[in-house]
Amino acid sequence: MKTIMGYSDKISACPGETINFMVSCEGEKSYRARLVQIIHGDTSPGGPGYKEKAIKADFERDYPARKQNIYAGSHAIVPPHTLFDQLKSFTVQAYIWPTTPEKGRQTLLSLWNPTSKGGFILGVDENGGLSLTIGDGAGRAESISTGKQLIAREWYLAAASFDADKKEVRLYQQPLVQYARVDTTAQLTQTVKVAPVTRGAAFLFGATPVGEGNGRVIGGDHFNGKIDRPRLTARALSESNIQRMSGENDLVNSTIAAWDFTREISGERIIDASPNRLHGETINLPVRAMKGHNWTGEEMCWRHRPEHYGAIHFHDDDLYDSGWEVDFQFTVPKGLKSGLYAAHVSSGRDEDFMPFVIRPARGTKTADLVFVVPTASYMAYANEHMMTDAPLAEHLTDQVVVMQPTDVYLHEHREYGASCYDSHSDGSGVCYTSRLRPILTMRPKYQSWLGGKGSSLWQMNADTHIIDWLESNGYAYDCITDEDLHYEGYSAIAPYRVFMTSTHHEYWSKEMWDGLDAFKKAGGRLMYMGANAWYWRVAYHRSRPGVLEVRRGEGGIRAWAAEPGEYYHSFTGEYGGLWRRQGLPPQMMAGTGFSAQGFDVCSYYKRTPESRDPRVRFIFDGVEDEIIGNFGLIGGGAAGLELDRADRSLGTPPNALVLASSEAHSPVYMVVLEEIYINAPGMCGGEHPFVRADMVFYETPAGGAVFSTSSISWSGSLSHNNYKNNVSKITANVLERFLKEKPFT
Amino acid sequence: MARKYVLVCRKPHEEWVLGQLTGKRGEPIQMSNQVFHKIEDAEWHVFKQRWKQHTGEDLSD
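Line by line, the protein sequences are chains H and G.
Everything in the first sequence is counted per my numbering, starting at 223 for the first residue and increasing by one.
Everything in the second sequence is counted per my numbering, starting at -19 for the first residue and increasing by one.
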């Protein structure tokens, strides 16, 4: 049972900057917080063992424990308003696209005071039919339902009216597509005994307010599905007027609000197009730039026809900012070495780490090497649930899936949010991921089912193999994060001579891509210490911190697929998907690109004749072996998990040398999907030539150079035999030459 | 995912307990009292369970 956890508001900071830490601790009276530098998060007895450095910090002390809650589920809200208070008769309506009508009670649109229990709720009832609940704020409530279950993933015009004089409710459940023998159309008129009293109520989309917490309205009965063109009118409309109101701009008299979700799609505001301007905001980032009821397929980009993208997709498990209260702060002192750190908190038998990067002082560097911590990729994998939600996990690893206690906790506590490898509870893909929540998979000591046999590390903890190697060999380095590269571009890395990647630097924004491209063009040296990088294009939110978007478009190894017409990021309007499908394959950046994957055991490289080329003599100085990396903590070999290959047709420079290639991969390894045009047998390790990692070197025109290991497991071999091995030697040879000023060309 | 076997690590690199998923999100994993100190032993145990399920035969160690 996880009892203590937390997160920080920033993922990196320079000296003088302050990071806030938010902690939840239950079942204890207090917890201890301290600062550690993360060196080696691998606890395997087969390696150097867990290493951290305790650093004195002013926040180190005991703190009172308290549990802080997370409220997942998205909705939108318009604050209370006198126009809402004055409602007597009304009509509320929207186009809806329910995705889980069978789930039970869900709210589409509500004007409800949670204290008085007065107002109304247009929703889906326990039986999946459209319903209206009216509360008089004095303890009486009444519900009316169409009694006909909505069909999932079908558009409906849903409306309810209340005539205060007649005390008459009308419900309209009108499917936009008709099917033979299946009729879910319903129209119902019924008199009721109660009248809604809406005083003090906020208007919510996708939820009913149940109270307040973490500084905002908490929603309940969250809706799964899309809402398009919600309208509120201060009278009971006829059916023809409801149809009229569902049009684009044809409003009737007595319109209270006509919300238009096609406006400000990239932001969190929702805009009321009526003269009343009852604008609101979204909570927990429901997905925008979603196809509306009127999408035709004529246009695939929401920027070109926003009127076709008037829907917001709400989910009962969306999460953006947990909104926890701050427990303690840390202002980075001058002189603290740049690196990967964590605020470590512990209480009773449990502990947690809140990792962050300390950068050098702004505008300075303390080394010629920068190790870029791939926080975008950490966020994409944050709190992933594939081992419990997707049958493929066992196939990918060729073994019964091994879970950690953390995984069990996340499985049982979905409120901590999902990763971009997961699906929402309604089956739609998770395209937003936030770091403003405890990310329990981004921790030292954490083992992952994706990490192969042996140490079983993935992402951040696997990257500590690189940090440990740098520390153990005394190499000076600075650290920055993906976010620093994204927001500052080339200037964040311009001072350095060598850019070192992580083991799996998969997710790149355009700003990050351009920054590294400029670095290379200026003569910078790139050491690619992993595989499957520069794969997915991502977009950071333009005004909100700590959240990014991935649209899993057409192609690539995807845990889910975006709906047709929903390939463009809502945050920026950029086309999402693989960089390769946008004309920038990874081979153009590092000479190699994603080619195959498997997650059981790893293999080795065999040198090629090109490794004898005088141009690369420095790389193999002191390395006599033909076989490279037939050992290691990750899967037992330096070539494995994900593999990249050189391919001139995809952009590998013509001057690139393939120094070694891996072989003898297990049949669990499969060629990546983007290489398969006609599926046929023969795509596995031992069968297909694309199941290999190519170690590549090439020089760039400005005197720089690129060295690519092309394997995620490479770094797991660095510490073998007390760091004396051919993987470590090759890495050191490359780094030491790359650090020298002397141009390569 | 219902009845899918999983191993839950109880002591890192030392001890794993066999469990089965219920197939429903958020529902606790049904843990057995089968404890293993080598993942390979757990794999063999699960293989025998599945063999028995599909063929009705018991496999001996």
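We treat Cβ as the ideally placed atom computed from N, Cα and C, and that holds for glycine.
Taking Cβ-Cβ distances shorter than 9 Å, what residues in chain G pair up with residue i?
i	result
Thr610 (chain H)	Met(-19), Lys(-16), Val(-14), Leu1, Arg5 and Ile9
Gln669 (chain H)	Cys(-11), Pro(-8) and His(-7)
Pro889 (chain H)	What Pro889 (chain H) touches in chain G: nothing, since even the nearest Cβ is about 17 Å away.
Pro627 (chain H)	Val(-12), Cys(-11) and Arg(-10)
List the residues of chain H that residue i touches, going by C-beta distances under 8 Å, in chain order.
i	result
His(-7) (chain G)	Thr265, Ser266 and Pro267
Trp(-4) (chain G)	Val624
Glu23 (chain G)	Gln621 and Val622
Quick test of your reading: residue i and residue j, contact by CB under 8 Å. State the CB separation rounded to the nearest angstrom.
i	j	result
Thr265 (chain H)	Lys667 (chain H)	5 Å
Arg719 (chain H)	Leu961 (chain H)	6 Å
Ser933 (chain H)	His687 (chain H)	Wrong, their Cβ atoms sit about 12 Å apart, outside the cutoff.
Pro508 (chain H)	Ile534 (chain H)	5 Å
Lys828 (chain H)	Glu848 (chain H)	6 Å
Ile478 (chain H)	Thr455 (chain H)	6 Å
Ile226 (chain H)	Ala564 (chain H)	About 13 Å; that fails the 8 Å criterion.
Thr814 (chain H)	Thr874 (chain H)	7 Å
Buried or exposed, going by whether 16 or more other CB atoms sit within 10 Å of the CB of residue i?
i	result
Lys278 (chain H)	exposed
Asp900 (chain H)	Reading off the sequence shown, one finds Ile at residue 900 (chain H), where the question assumed Asp. So Ile900 (chain H) counts as exposed.
Phe27 (chain G)	exposed
Arg665 (chain H)	buried
His617 (chain H)	exposed
Gly696 (chain H)	exposed
Pro267 (chain H)	exposed
Ala360 (chain H)	exposed
Leu614 (chain H)	exposed
Asp347 (chain H)	buried
Glu771 (chain H)	buried
Met223 (chain H)	exposed
Ser462 (chain H)	exposed
Asp38 (chain G)	exposed
Gln308 (chain H)	exposed
Ala298 (chain H)	buried
Glu529 (chain H)	exposed
Asp41 (chain G)	exposed
Asn506 (chain H)	buried
Val419 (chain H)	buried
Is the Cβ-Cβ distance between residue i and residue j less than 8 Å?
i	j	result
Ser817 (chain H)	Arg867 (chain H)	yes
Val548 (chain H)	Phe281 (chain H)	no
Trp546 (chain H)	Ser246 (chain H)	yes
Ala861 (chain H)	Ser884 (chain H)	yes
Ser765 (chain H)	Gly854 (chain H)	no
Lys448 (chain H)	Met512 (chain H)	yes
Ile702 (chain H)	Arg581 (chain H)	yes
Ala363 (chain H)	Val416 (chain H)	yes
Asp620 (chain H)	Asp822 (chain H)	yes
Met751 (chain H)	Met722 (chain H)	yes
Asn446 (chain H)	Thr322 (chain H)	yes
Phe972 (chain H)	Tyr920 (chain H)	In the structure as shown, chain H starts at 223 and stops at 967, and residue 972 (chain H) therefore has no counterpart that could be examined.
Trp451 (chain H)	Gly350 (chain H)	A small correction: the amino acid at residue 451 (chain H) is Arg; Trp does not occupy that position in the sequence shown. Contact flag unset, no.
Gly345 (chain H)	Asp443 (chain H)	yes
Asp590 (chain H)	Ser645 (chain H)	no
Asp539 (chain H)	Arg657 (chain H)	no
Leu410 (chain H)	Ile366 (chain H)	yes
Ala740 (chain H)	Tyr712 (chain H)	yes
Along chain G, which residues have their Cβ under 7 Å away from the Cβ of residue i?
i	result
Arg647 (chain H)	It is Ser, not Arg, that sits at residue 647 (chain H) in the sequence shown. Near Ser647 (chain H) (Cβ distances below 7 Å), the residues of chain G are Arg5.
Glu634 (chain H)	Gly6 and Pro8
Val630 (chain H)	Val(-12) and Ile9
Starting from the beta carbon of residue i, find every residue of chain G whose beta carbon is closer than 8 Å, and list them in chain order.
i	result
Pro660 (chain H)	The contacting residues do not exist; Pro660 (chain H) stays about 17 Å from chain G at best.
Pro613 (chain H)	Met(-19) and Lys(-16)
Report the neighbours of residue i on chain H: residues whose CB is nearer than 9 Å to its CB, in chain order.
i	result
Val15 (chain G)	Chain H residues near Val15 (chain G): none, gap ~14 Å exceeds 9 Å.
Residue ranges of each beta strand (DSSP E) run of no fewer than 3 residues wholly in the segment 516 to 555 of chain H, ordered along the chain? 533 to 536 and 550 to 553
Can you check the segment 444 to 511 of chain H for any alpha helix (DSSP H) of at least 4 residues that lies completely inside it and give the ranges in chain order? 461 to 467
Quick check on the DSSP output: what are the complete beta strand (DSSP E) runs of length 3 or more inside the segment 837 to 889 of chain H, in order along the chain? 864 to 868 and 879 to 885
Unbroken stretches of the beta strand (DSSP E), 3 residues or longer, contained in the segment 691 to 748 of chain H: 700 to 703, 720 to 722 and 729 to 731
Every unbroken alpha helix (DSSP H) within the segment 233 to 314 of chain H, with a cutoff of 4 residues, ordered by chain: 304 to 307
Could I get the ranges of all uninterrupted alpha helix (DSSP H) runs contained in the segment 811 to 837 of chain H, with 4 residues as the minimum, in chain order? none
Complete beta strand (DSSP E) runs within the segment 633 to 670 of chain H (minimum length 3 residues, chain order): 654 to 656
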